[in-house]
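Novice: Encoded as structure tokens, here's the structure I'll be asking about.
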Amino acid sequence: FEAGGAAVLGSIQPQPIDAAADGTLPLDKVAMKIKPDDIHFARTKLLSLENTHNGKVLPREYLKEAWEFTRERNLALHVDGARIFNAVVAYGCELKEITQYCDSFTICLSKGLGTPVGSLLVGNRDYIKRAIRWRKMTGGGMRQSGILAAAGIYALKNNVARLQEDHDNAAWMAEQLREAGADVMRQDTNMLFVRVGEENAAALGEYMKARNVLINAS
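Just add 1152 to the spot in the sequence shown (first one is 1) and you have my numbering.
Put into structure tokens, the structure is as follows:
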């Protein structure tokens, strides 16, 4: 995914691992992916987790275990937190209570929080200083983006608690669809997965469009 950007821009050789049913990456399998100290291999330097993962909130004890795992192996730990505030709401805790178990994390301001655009990279001062230099090198700077920052600040101050409404709405819709006989696969936080036959996908798209709801039904 991401058009191979990790390899092209970061000279990174990812080592994918299938997630467990609860969204975690089994640490025994992660350990098997760590390369030995051999000049023939790329050096293993980073473990990247996603929270939430396809809607699943990673267990808090797992976050601590993963942190300790990386400390013991001299690895950095990054969390893809595009929907991390969904996890915060589900945990019922403050953001800092879970991000203490990582070296860096990202936040998406548009997924759930309602801004038109924007993401944040969070880490210590030296880390962000280096990130800003890389942003400059790769042409990622923006001009006159204060209006976007203003939207992000508003969302962080006002929209986090409302994510519970998204979770509740997803749970309500899952129950309604089950009662209607739909093949509901699962629902976690704000994500609902329903199996629709290929022959019904286009018809569903037209049905929803006629009721002023646009969906990607391809």
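For every residue, glycine included, the Cβ atom is placed at its ideal position computed from N, Cα and C. Bear in mind that the values here come from a model prediction, so they are computed numbers and not experimental data.
1. With distances taken between CB atoms, is the gap from Gly1244 to Lys1208 smaller than 8 Å?
2. Can you name the residues that DSSP bridges to Ser1271?
3. Applying the 10 Å Cβ sphere with the 16-neighbour rule, what's the burial state of Leu1229?
4. In terms of residues, what are the limits of the beta strand (DSSP E) holding Ala1228?
5. Tell me whether Gly1233 is buried or exposed, calling it buried when 16 or more other Cβ atoms sit within 10 Å of its Cβ.
6. Could you tell me which residues DSSP pairs with Val1346 in its beta bridges?
7. Tyr1253 and Leu1215: beta carbons closer than 8 Å?
8. Given this structure, state the Cα-to-Cα distance separating Ala1399 from Phe1221, to the nearest angstrom.
9. By Cβ distance, which residues of its chain are closer than 7 Å to Arg1347, with the 5 residues on each side in sequence left out?
10. By Cβ distance below 7 Å, which residues in the same chain neighbour Arg1212 in space, the five residues on each side in sequence not counted?
11. Taking the beta carbon of Ser1256 as the centre, do at least 16 other beta carbons fall within 10 Å, making it buried, or is it exposed?
12. Out of Ser1200, Leu1261 and Leu1272, point me to the one whose CA is closest to Val1231's CA.
13. In angstroms, rounded to a whole number, what distance separates the CA positions of Val1274 and Thr1258?
14. Tell me which same chain residues have a C-beta within less than 8 Å of the C-beta of Ala1194, skipping the five on either side of it?
15. Would you call the CB atoms of Arg1225 and Gly1264 closer than 8 Å?
16. For Ser1200, which residues does DSSP report across the bridge?
17. Counting beta carbon pairs with one atom in the stretch 1348-1365 and one in the stretch 1273-1290, are three or more of them shorter than 8 Å?
18. When the Cα atoms are used, what is the spatial distance from Asn1368 to Met1343?
19. Between the alpha carbons of Gln1339 and Glu1327, how many angstroms are there, rounded?
20. How would you write the range of the alpha helix (DSSP H) that Asn1371 sits in, first residue to last?
21. In whole angstroms, what separates the C-alpha of Lys1361 from that of Ala1307?
Specialist: So, from the data block:
1. no
2. DSSP lists Cys1260 as the bridge partner or partners of Ser1271.
3. buried
4. Ala1228 to Gly1233
5. buried
6. Val1336
7. yes
8. In this structure the chain extends from 1153 to 1370, so residue 1399 is not present and cannot be described.
9. The answer, listed in chain order, is Asp1335 and Met1337.
10. Tyr1243 and Ile1250
11. Under this definition Ser1256 is a buried residue.
12. For Val1231, the nearest C-alpha among the options comes from Ser1200.
13. The C-alpha of Val1274 lies about 6 Å from the C-alpha of Thr1258.
14. Here Ala1194 has Gln1165 and Lys1187 as same chain residues with Cβ atoms under 8 Å from its own Cβ, once five neighbours each way along the sequence are excluded.
15. no
16. His1230
17. Verdict: no, contact absent.
18. 15 Å
19. 10 Å
20. No answer is possible for residue 1371: the residues shown for the chain start at 1153 and end at 1370.
21. Using only the alpha carbons, I get a separation of about 29 Å.
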